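Undergrad:
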Amino acid sequence: MFDKVITVNARPNLALVKYWGKRRQGEDCQDPALNLPQNSSFSITLDAGNELLTKTSVVFSEKFEEDMFYLNGKKQDMNDPELQERFLALEKLRKLARTKTKALVVSNNSFPTASGLASSASGLSAMIFAASKALGLEISMEKLSEITRIGSGSACRSLFGGFVVWDRGEKPDGSDSVARQIFDENYWSDLRIVICLTTQEKKKVSSRSGMKQTVATSNLYKVRPAIAEENVRSIESAAKKKDFETFGKIIMTDAMNMHATMMDTRPPIIYINDISKEIIYAVEELNEEEGRIVGAYTFDAGPNACIICLEKDVNKIIRKLESVEGIRNVMKAKVGKGPELLSDDQNSLIDMKELVPVS
Ligand code: PMV
Numbered sequence: 210m211f212d213k214v215i216t217v218n219a220r221p222n223l224a225l226v227k228y229w230g231k232r233r234q235g236e237d238c239q240d241p242a243l244n245l246p247q248n249s250s251f252s253i254t255l256d257a258g259n260e261l262l263t264k265t266s267v268v269f270s271e272k273f274e275e276d277m278f279y280l281n282g283k284k285q286d287m288n289d290p291e292l293q294e295r296f297l298a299l300e301k302l303r304k305l306a307r308t309k310t311k312a313l314v315v316s317n318n319s320f321p322t323a324s325g326l327a328s329s330a331s332g333l334s335a336m337i338f339a340a341s342k343a344l345g346l347e348i349s350m351e352k353l354s355e356i357t358r359i360g361s362g363s364a365c366r367s368l369f370g371g372f373v374v375w376d377r378g379e380k381p382d383g384s385d386s387v388a389r390q391i392f393d394e395n396y397w398s399d400l401r402i403v404i405c406l407t408t409q410e411k412k413k414v415s416s417r418s419g420m421k422q423t424v425a426t427s428n429l430y431k432v433r434p435a436i437a438e439e440n441v442r443s444i445e446s447a448a449k450k451k452d453f454e455t456f457g458k459i460i461m462t463d464a465m466n467m468h469a470t471m472m473d474t475r476p477p478i479i480y481i482n483d484i485s486k487e488i489i490y491a492v493e494e495l496n497e498e499e500g501r502i503v504g505a506y507t508f509d510a511g512p513n514a515c516i517i518c519l520e521k522d523v524n525k526i527i528r529k530l531e532s533v534e535g536i537r538n539v540m541k542a543k544v545g546k547g548p549e550l551l552s553d554d555q556n557s558l559i560d561m562k563e564l565v566p567v568s
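My numbering puts the first residue of the sequence shown at 210, with every later residue one more than the last.
1. Tell me Trp375's beta-bridge partners as DSSP assigns them.
2. Closest to Ala448 by CA distance: which of Trp397, Phe211, Gln422 is it?
3. Mind checking whether Phe269 and Phe320 have CB atoms under 8 Å apart?
4. Taking 5 Å as the limit, name every residue whose beta carbon sits nearer than that to some heavy atom of the ligand PMV, in sequence order.
5. Per DSSP, what kind of secondary structure is Asp473 in: helix, strand or coil?
6. Hey, how far is the Cα of Phe273 from the Cα of Met287?
7. Using the DSSP secondary-structure output, state which residues sit across from Asn318 in a beta bridge.
8. In terms of residue numbering, what span does the alpha helix (DSSP H) encompassing Lys304 cover?
9. Along the chain, which unbroken stretches of the beta strand (DSSP E) at least 3 residues long are found entirely within the segment 444-517?
10. On the DSSP bridge list, what partners appear for Met350?
11. May I ask you to verify whether the segment 235-251 touches the segment 301-308, counting CB pairs closer than 8 Å and requiring at least 3?
12. Quick check: what's the CA-CA separation for Asp560 versus Leu280?
13. Classify Asp256: buried if its beta carbon has 16 or more other beta carbons within 10 angstroms, exposed otherwise.
14. In the DSSP assignment, find the unbroken alpha helix (DSSP H) run with Leu530 in it and report its ends.
15. Rounded to the nearest angstrom, what separates Asp522 and Ile488 at their Cα positions?
16. Quick check on Val441: does DSSP put it in helix, strand or coil?
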């Protein structure tokens, strides 16, 4: 049964209105492991050519005694608690397929893992998308996003290309907390993202434990979900009108609002660094000089900056950033597609005959 290797490419997504905080067990959440968010979020899927891509091959086979996971060429320890949580999503798929057959998952990221660029999103979405095909499951993308969310919250948005809303939902079982595409990747064709890497280090506090601490200890966080919910509605309407001025303002205020709750956490969580701050000042200065929003910065759980802008202003922004010392690398991205099934056998990261990672 099975033994079919499926290979996909998936891309990270960038939240422009952020998810930071899960619902705790209670009336609206039957189990914290479901990763039910406190608020809806809004993202774009990123396309930076080959630079920000996760390629993943999956195969299920009776030959395997346990699940195996290779990331960037290294066999991972399946006893790692975080990895076990991520594999809950795979378990869910197995249940739907009524099988106990174990899997081999081989995944390669073309960008630094856990550095504030959302590799978990592209990784999880690639794995779940590929695994559902390898199991021969015919389920809707909505259902697949519900399952992916269990492995990593933000990953449920990477199952779609373009502009995506992950609805908070109300149900305690999470069946209505799913992602949906609102516009595809071609909708706002001159939108660009300038990504500034300020570090390649692994972050000190994972988003998982960071957001838990914030929900538990930050006073400011009490008002965050309502603010974020409102920001999702406003950014959706700005995107509908392609009103970049409003779009950009919401991006910056939402990111800073989230980072304020991080800093208000006990003990404080500070993800941005001095270089990030200089980038904020430089973009603010440029916007001031031009008398309009030229660029809109945002930061996830890390110090790398993403600056959203229109194609005509990319060079202006890059020139402005030359005054900031310490930026290690600048990448340009567009709004990208959702996961793609790669049909060519040569693309596989798993040897089709031996069912082992290709060396
Ligand atoms: O779902 P996680 O654990 O990757 O957390 C994502 C958190 C942020 O990247 C900071 C925000 C977001 O919505 O992607």
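Idealized CB from N, CA, C, for every residue including glycine.
Just so we're clear, the structure is a prediction, and the values are computed from it rather than from any experiment.
TA: For this structure:
1. Locating residue 375 in the sequence shown gives position 166, counting from the first residue. Ser250, Ala388, per the DSSP bridge assignment.
2. Counting from 1 along the sequence shown, the entry for residue 448 is found at position 239. Here the closest residue by C-alpha is Trp397.
3. Locating residue 269 in the sequence shown gives position 60, where the first residue counts as 1. Locating residue 320 in the sequence shown gives position 111, where the first residue counts as 1. No, the pair does not count as a contact, with Cβ atoms beyond the cut-off.
4. Contact residues of the ligand PMV (beta-carbon closer than 5 Å to any heavy atom; chain order) are Ala224, Lys227, Tyr228, Ser250, Ser329, Ser361, Gly362, Ser363, Ser416, Asp509, Ala510.
5. Within the sequence shown, residue 473 is the residue found at index 264, counting from 1. Coil.
6. In the sequence shown, residue 273 corresponds to position 64, counting from 1. In the sequence shown, residue 287 corresponds to position 78, counting from 1. The C-alpha of Met287 is placed about 14 Å away from the C-alpha of Phe273.
7. What you label residue 318 is simply residue 109 of the sequence shown in a count that begins at 1. BP columns for Asn318 point to Thr263.
8. Residue 304 sits at position 95 when you count from the first residue of the sequence shown. Unbroken alpha helix (DSSP H) run through Lys304: 290-305.
9. 504-507
10. By one-based count along the sequence shown, residue 350 stands at place 141. The bridge partners DSSP lists for Met350 come to none.
11. Result no; under three Cβ-Cβ pairs closer than 8 Å.
12. Mapped onto the sequence shown, residue 560 falls at position 351. Mapped onto the sequence shown, residue 280 falls at position 71. Their backbone Cα atoms lie some 16 Å apart in a straight line.
13. As a position in the sequence shown, residue 256 is number 47, starting the count at 1. Under this definition Asp256 is a buried residue.
14. In the sequence shown, the residue the question calls residue 530 occupies position 321. Its alpha helix (DSSP H) spans residues 523-530.
15. Within the sequence shown, numbered from 1, the residue matching residue 522 stands at position 313. Within the sequence shown, numbered from 1, the residue matching residue 488 stands at position 279. Going by the C-alpha atoms only, they are around 16 Å apart.
16. Residue 441 sits at position 232 when you count from the first residue of the sequence shown. Of the three classes helix, strand and coil, the one that applies to Val441 here is helix, per DSSP.
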